[in-house]
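Residue numbers (the numbering used here): 3 to 366.
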């Protein structure tokens, strides 16, 4: 009997470790244009700026072990871990997952350098499983929708729930306002359309600054309509560009808005790639997201909307032509001060530029 009880004990003791899952590293790289390690530094024992590793993972209670200077700082959707020069390993700990030891050499990073910023993206096992189980169907959750284009590319859409907001703006030296309200959910893409997605649909890449995980640019409003038409044929969906109202509402954080100056925060370099911290478009999703978990709605590239330019005032005729469309959000080319929310610019449907891209929307 004692041996039987011992066997049961060993069996049940083994179950948690057998069922335990491990976080995985999706990507880890140096981001040379991110100056956070220098602008928000922490010193090592030799009085040098530490390296900063921004660990992106949507999970509370993550702990880190290794040569760490001070306590990690938890941000929205990421942890900031400061490490002295020359370190090449970091252990990630969480009560629900087996410990993960990350060897920086496995990702081509090697030993971290003083004053440099690195981005590490961690993925939870269920996230990977959910995305792969989607195949060529569609998976819903309370807040998101994942649609697979091919074996390598998924489109992540964020659900935006009903609500309302008032846009205040100056026109002809007068303060005006327009009220927008939504009584139905809609979806907007978590990221700007990447060059990888554009190539998968169109078979070409018009971008000046190449990189699969960078936003596609140098695309006109007309180009975007052709892209969306082909994407809809591939997926059986009815993607479109967001309307002006949808872009503004989602960018402000929807019904979870905290009234930030920029989409996701009050410090532009925390949420946006702009003239102060880069010289070209950057990979999507590296900056802090907004309240809904949407990235880069301020900065990186301007984004087309579906509808034509709005005459905010009934008698407004100056500065808006009949064929004007609007782009929103500012870009890498603009000063951060010019990207305050909302940042609006009128242009023509055939215009294309290395600072203009797009984001997708979908009605529920």
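Note that the Cβ used here is the ideal one computed from N, Cα and C, for glycine as well.
Just so we're clear, the structure is a prediction, and the values are computed from it rather than from any experiment.
Distance from the CA atom of residue 67 to the CA atom of residue 74, rounded to whole angstroms, is 10 angstroms. Taking a contact as a CB-CB distance under 8 angstroms, the pair residue 266 and residue 292 counts as one, their CB atoms being some 4 angstroms apart. Here residue 158 is bridged, per DSSP, to 148. DSSP, read as helix, strand or coil, puts residue 236 in helix. Look at residue 92 here: in three-state DSSP terms it is strand. Counting only residues of its own chain and dropping the five nearest sequence neighbours on each side, residue 257 has a CB closer than 6 angstroms to the CB of 163, 165. For residue 333, the secondary structure class from DSSP, reduced to helix, strand or coil, is coil.
Here the region 144 to 157 does not lie against the region 78 to 89, with fewer than 3 beta-carbon pairs under 8 angstroms apart. With a beta-carbon spacing of about 36 angstroms, residue 352 and residue 268 fall beyond the 8 angstroms limit used to define contacts. Excluding sequence positions up to five before and after residue 159, its CB lies within less than 8 angstroms of the CB of 146, 147, 148, 149, 189, 190, 191, 192, 362, 364, all in the same chain and listed in chain order.
Taking 8 angstroms as the upper bound for CB-CB distance, residue 56 and residue 82 are in contact here, some 6 angstroms apart. Exposed is the label assigned to residue 48, since fewer than 16 other Cβ atoms lie within 10 Å of its Cβ. Here residue 197 is near residue 214, since their CB atoms are less than 8 angstroms apart.
In the three-state scheme derived from DSSP, where H, G and I count as helix and E and B as strand, residue 208 is classed as coil. Fewer than three Cβ pairs drawn from the region 200 to 217 and the region 268 to 278 lie within less than 8 angstroms of each other, which leaves the two stretches out of contact.
A contact between stretches requires three or more CB pairs, one per stretch, nearer than 8 angstroms, and the region 107 to 117 meets this requirement with the region 30 to 48. Contact annotation: residue 301 and residue 253 have beta-carbon atoms that are not nearer than 8 angstroms. With contacts defined as CB atoms closer than 8 angstroms, residue 290 and residue 97 fail to qualify as a contacting pair. In summary, residue 167 is buried, with 16 or more beta-carbon neighbours lying within 10 Å of its beta-carbon over all protein chains present. The beta-bridge partner set that DSSP reports for residue 169 consists of 180. The beta carbons of residue 263 and residue 342 sit closer together than 8 angstroms. Counting along the chain, residue 350 sits inside the beta strand (DSSP E) bounded by residues 346 to 350.
A direct Cα-Cα distance of roughly 8 angstroms separates residue 120 from residue 53. Within the DSSP bridge table, the entry for residue 122 names 30, 57 as partners. With respect to the 8 angstroms criterion, residue 307 and residue 330 are classified as neighbours on the basis of their beta carbons.
DSSP places residue 248 in the uninterrupted alpha helix (DSSP H) bounded by 246 to 253.
In summary, residue 284 is buried, with 16 or more beta-carbon neighbours lying within 10 Å of its beta-carbon over all protein chains present. In the structure shown, residue 101 adopts extended strand secondary structure according to DSSP, grouped into three states.
Looking at the DSSP output, residue 241 bridges to nothing. The residue among 243, 350, 25, 93 with its C-alpha nearest the C-alpha of residue 60 is 25.
Taken atom to atom, the span from the alpha-carbon of residue 337 to that of residue 104 is near 37 angstroms.
If you check the CB distance, residue 222 and residue 216 do not come in under 8 angstroms. Non-local C-beta neighbours of residue 79 in its own chain, meaning closer than 8 angstroms and more than five positions away in sequence, comprise 58, 59, 60, 290, 291, 295, ordered along the chain. Straight-line measurement puts the Cα of residue 304 at about 14 angstroms from the Cα of residue 245. Taking a 10 Å sphere around the C-beta of residue 328, we find 16 or more other C-beta atoms and assign the residue as buried.
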